[in-house]
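Residue numbers (my numbering): 33 to 290.
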């Protein structure tokens with residue numbers, strides 16, 4: 033059994049795929065490399081792949097090492113001009129992860145591929161699909177960074193609630209100047225009869241899409257913010273809002289308390 037290999041088509045396919053992968057890595061790492069450098073790196077990678085395929089090496093493991101330990105490294109160094117530091121290893125890992133993403137997208141579209149032209153069109157679509165997935169993952173990671181668990185303590189009652197850190201929350205108590213976080217009605221009720229708290233007062237607020245109003249504010253004994261490290265805030269102030277517009281969290285944390 034033997035296979036016919038059209039080396040020109042093989043080179044073009046590898047060149048395009050290498051260019052797509054290098055461009056994805058370049059955007060993710062914000063490398064200063066130009067598009068010309070990316071295309072040069074893709075050409076070097078495609079040429080190296082063709083040479084390794086054509087070399088009469090009987091051992092598959094040697095070709096494997098040449099593919100992954102030589103060709104890809106030269107391609108990255110040429111296309112992105114990465115230094116021999118942690119950014120290089122980041123780029124190498126991202127190259128393979130991007131390869132899996134693009135390969136998975138192309139695999140799902142493979143039944144609809146009939147000609148080389150359609151394949152190249154799907155390859156371009158896979159680039160945008162992979163970038164969309166990366167952007168979604170970055171967005172989710174960023175959202176998770178602003179979420180945390182908070183333990184609220186008032187008297188003999190404690191309440192654990194999921195909170196979101198809102199940089200747009202700039203509420204401050206007009207009397208003491210302390211930052212004010214927001215909890216929903218249900219969370220406040222779990223802390224006891226807060227409406228009878230001595231020193232309760234109201235602060236004005238305004239939110240996008242809502243009328244101006246006033247929120248009741250009272251003081252807790254303390255709250256523990258559970259993030260990478262535990263932050264304990266003594267005598268924090270919280271305002272009560274009837275219903276926070278999310279089922280994921282029951283508290284909007286003022287970033288100034290951190």
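Heads up, the beta-carbon is just placed ideally off N, CA and C, and yes, glycines get one too.
All values derive from a computational prediction rather than experimental measurement.
Measuring alpha carbon to alpha carbon, tell me which of 275, 274, 256 ends up nearest residue 268.
When only C-alpha atoms are compared, the closest one is 256.
Determine, for residue 220, whether the minimum Cβ-Cβ distance to residues of chain C falls below 8 Å.
The question asks about chain C, but that chain is absent: this structure has only one protein chain.
With residue 63 as the anchor, note down where its beta strand (DSSP E) starts and where it stops.
Residue 63 -> no beta strand (DSSP E), and no H or E assigned at all.
For residue 213, which three-state DSSP category applies?
strand
Report the rounded CA-to-CA distance for residue 250 versus residue 235, giving the unit in angstroms.
10 Å
Taking a contact to mean a Cβ-Cβ separation below 8 Å, would you say residue 191 touches residue 258 in this structure?
no
Could you tell me whether the Cβ atoms of residue 50 and residue 74 are closer together than 8 Å?
Taking C-beta atoms as the reference points, residue 50 and residue 74 count as a pair closer than 8 Å.
Give me the Cα-Cα distance between residue 130 and residue 159, rounded to the nearest whole angstrom.
Their backbone Cα atoms lie some 9 Å apart in a straight line.
Please return the same chain residues whose Cβ sits closer than 6 Å to the Cβ of residue 193, not counting the five positions on each side in sequence.
182, 219, 282, 283
Rounded separation between residue 47 and residue 285 - CA only:
50 Å
Tell me the DSSP secondary structure of residue 203 in three-state form.
coil
Using a threshold of 8 Å, state whether the C-beta atoms of residue 216 and residue 276 are closer than that.
yes
Out of 45, 221, 290, 210, point me to the one whose CA is closest to residue 260's CA.
Nearest in C-alpha terms to residue 260, of all of 45, 221, 290, 210, is 290.
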